Structure formats: structure tokens, C-alpha cells
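Numbering (our numbering), first residue to last: 8 to 487. The beta carbon of each residue, even a glycine, is placed where N, CA and C say it ideally should be. The model shown is predicted, which means the values in this text are computed figures rather than measured ones. Worksheet: one structure, shown below.
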């Protein structure tokens, strides 16, 4: 059987062969169907307070729309994007992406990265955002009312995002400061690693305002350094080139490759040059602390362990023993180093290998009289995404079912299973249904004890389903 990797760099058709790049692909910004969030606002919300008379129509669409009057009066100095009939409701409901197929007409070329006002086909104002003729996402809405997208606007948004983290994660010293659409700043990611900030800009609108954004981040965050990791594939969809380096402050090459970071009081390393995401996964630190509460005195398996976030948290919480498994030998080496750095090497061990294969062999070698012998009290499954698009969801579900089937056969009666899915294309209901199919085949009875989600630094907007990607469940294995 081919490798199942923790590495995020490859594509896959079968989840058991290799994994999809970008395990935490929170928001997909490349081409694809717009997707509708299932929310249809009241009809009178469009243009509330605008007081616009019915427009005259011609065969060319909105008659006279090139004039100031047709654009909404003398105050309308911005280029205007008009939407086709039926395309406005999703945007009014809170979704910031406007695809090329939704556009009726563009009045006055804004230039790529320029600001446009968005109106429905009846000339009622919907919002203001950035335009890009090279992207299938033609407009990214940033405000749902008349607003100037100036430096003061971005300072307010950045400050609001920071205050949200300080309110809900007051003890965290490393976290995601800006989560793009989740903070109403589509195309911008900002991660804080102690006193260093890392930025990613996946829209031309944000890229053209890089200097201003760096200046504001210095003002509000007072970091020692700001690094850009604009090396993600999503930039190609915007017509942008990749770029990496230090934008402000001073950071040695050694620090860029192994920056000391503390999560839940444990030491880790963030690779700001070639590490996953902007350097390290920040989205599981709250869940790691929750699962660690189940670990005292337990024999623990952390499957797809990466740098050992769940493993080290369990060991510090009093686990009897912890085994971490990951395909990446490099990740395993880092995890072993972190175990030593945290004084947990006597409890934690890590092994590089294919998780599917290891579990199958563990079940087979533990058999007595034709029945496997369970060996763990707590199993954590935190695999990379098994799918990048809807077409590959059936293959992904087969992979999820298989890994759960094997895990259940290694879990003792009364043991606990913490399992996660980070694919936006697999919703929580489908994920749990797949787990229950595995339980049926394994002849196991599960009792759900909790549900996991994204922490406050990865906020979810219900109107933007792409912002919700991480889901999980905690189960107790009932005695037969």
C-alpha cells in the first residue's frame, strides 16, 4: 500500500495513497463554484433606505448606467459593478465573493485591485470591495454599506480582529490575528508567533496595499519582525507572483527556520520559510488542551501527529505512555526534539510510517483466537485533508471510514476516541455518518461525549460556509 503522508504537498485520488496539499485549507480561493450558503434575506433588505425609483430598461441592460444619475447620484464617484438579477441575495446575506458569472456590467474600469461599489440590477447599493479582472472572484466585498476603504478602515478592522482574540484567547501568545473572510478581510491572513507576525495576501487588493498593512500591523501589534509567506498557489488565481521574506524588523535565518513558539505552555518550533501554513498549525491548540484532559493514566495513540501537539499535551497531562505516528520523517524528528525540549521524552515516543499500514499490522499482530487485542485507552485521529474538491469526496469518505474502523479495533472498551476532519467539503453530519458506518462494521457501540470545532482565532461566519472547515467529535467506546 502506498504512503499516507502528513505532508501537505501532494494531490490524491485515493486517501490511502497520498494526501492533499494544505491540510488546513480553511478557505478555498481558487476557481470553483460559488456555492450558496442557503440563506435568502428578506427582499426589502436590498437597498434599504436607498429610495431609488424603478429604472428604465433597454436591451443593453440598465439604461444610461454610464451617467452619474444612473450610478446613484453625484456622490457615486467609484466605479460600479452591477449584478445580474438573482445574484445579489447571497452577497447581501454576508458572502463576500462575487464571481465573474454574477456580473451584469462594470461601469468605469477600476483597475485590478481597485475599489468598486456593488449594486444589484435595480441600482441598489450592496457593498464596497476590491475588483480583479484576472480572478474568477471578480469582487471581494469588504463592507456592506457605503464606506471608504482607506487606512482608517483597515485600522478599525485589524483592531477589531485583535480585540476578538484578546477577549476569547487571553492567555495565548501565538494565534491567528486575521483569518481572512472570518474577520471581514477577504484575502488577508496574519498569524502571530510570539513577537513575530507572518502575513499572507491572496488577493491583488491586499497585495497592492501591502505597505499600508505592514505599517498598521507594526502600529497595533508592535512586533519584532513581520515576515511574508506569499508562496501559496492561491496567488496564481489572482495573477500574483509568489514572494517571501522579511518585510519589517530583523529576524535571523536560523530564527526564520526554527522560531521558538509556545502553545498551551509547551514549546514548539515554527518554520517561517518552508513550514506548513505560515509556519505552524495554530488551529488545534484549544482542542489539544481539551483532549489532554482525558489522558491521565492512559496509553495514548496520536495518529498523524505532525510535531506532536496532541501527544505532548497528553504526556504533560499525565498519560502513562504516548505513541505518535506520522508519515513525515522530518515531522517525527521535530516531535522527538520537542519531547526532549519539554522534558517528556520518557513518556513520548514517535515513529515515522504509513498510519493506515501501521494500524492494519497492529490489529493483525494483536490477534488472539482470531480477535484483535485492544491496546490503547485514548486514540487521536487528526489526519490531513483527504479531499480538495467535491468530486473526490467519495474517495475521502472511504479513507475516513477505513482509518476509523482500524482505530476502533485498537481502542479498549471504555476508551476514548478524539477524531477530526479538516476538509471543508465534508460537513460534520457526513463525517459522523462515516464514523458510524465504521462502528457498525467493527461491531462497536459509541457514545458521543463532545463535539470539536474551530477556536476563536479561526472564526466562522455562518453566511460564508467556506470559513468552517475543522470539525471533530469525541466518543467513548462502550463495553460490549
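Going by the CB atoms, is the gap between residue j and residue i shorter than 8 Å?
i	j	result
residue 230	residue 202	yes
residue 145	residue 106	yes
residue 484	residue 424	yes
residue 340	residue 312	no
residue 260	residue 250	no
residue 426	residue 479	yes
residue 207	residue 285	yes
residue 233	residue 265	no
residue 156	residue 211	no
residue 317	residue 387	yes
residue 186	residue 464	yes
residue 268	residue 181	yes
residue 153	residue 137	no
residue 345	residue 295	no
residue 219	residue 161	yes
residue 362	residue 328	no
residue 349	residue 292	no
residue 149	residue 191	yes
residue 407	residue 453	no
What's the C-alpha gap between residue i and residue j?
i	j	result
residue 332	residue 357	6 Å
residue 84	residue 194	25 Å
residue 205	residue 430	24 Å
residue 248	residue 242	7 Å
residue 288	residue 223	24 Å
residue 91	residue 109	6 Å
residue 467	residue 226	27 Å
residue 51	residue 131	Any reading at residue 51 must be qualified, since the residue scores a pLDDT of 41, below 50, and its modelled position is unreliable; no value is offered.
residue 376	residue 421	Only weak support is given to the placement of residue 376: the predicted model assigns it a pLDDT of 46, under 50, and the value that follows is read from those uncertain coordinates. About 22 Å.
residue 382	residue 276	31 Å
residue 163	residue 142	27 Å
residue 270	residue 176	12 Å
residue 393	residue 437	14 Å
residue 337	residue 300	28 Å
residue 428	residue 257	37 Å
residue 169	residue 179	12 Å
residue 87	residue 302	57 Å
If distances are taken between C-alpha atoms only, which option among the options comes closest to residue i?
i	options	result
residue 486	352, 289, 384 and 350	384
residue 263	221, 278 and 441	278
residue 444	115, 409 and 156	409
residue 272	301, 190, 320 and 246	320
residue 112	270, 128, 104 and 245	128
residue 456	297, 394, 307 and 450	297
residue 99	115, 114, 151 and 87	151
residue 189	104, 337, 327 and 96	104
residue 400	432, 413, 412 and 372	432
residue 448	413, 461, 470 and 471	413
residue 252	280, 93 and 102	280
residue 351	325, 364 and 334	325
residue 474	94, 101, 353 and 282	101
Could you round the C-beta distance between residue i and residue j to whole angstroms and report it? I think they count as a contact, below 8 Å.
i	j	result
residue 416	residue 370	5 Å
residue 125	residue 134	5 Å
residue 355	residue 305	No, residue 355 and residue 305 are not in contact; Cβ-Cβ is about 13 Å, not under 8 Å.
residue 290	residue 477	6 Å
Please give me, in chain order, every unbroken run of the alpha helix (DSSP H) with length at least 4 that falls completely inside the region 190-242.
211-214 and 217-228
With a floor of 4 residues, list each alpha helix (DSSP H) that falls wholly inside the region 399-479, ordered by position along the chain.
400-416 and 435-449
Where are the alpha helix (DSSP H) runs, 4 residues long or more, that stay fully inside the region 116-186, in chain order?
158-175
Could you name each continuous beta strand (DSSP E) segment of 3 residues or more that falls completely within the region 310-362, going from the start of the chain to the end?
328-333 and 355-359
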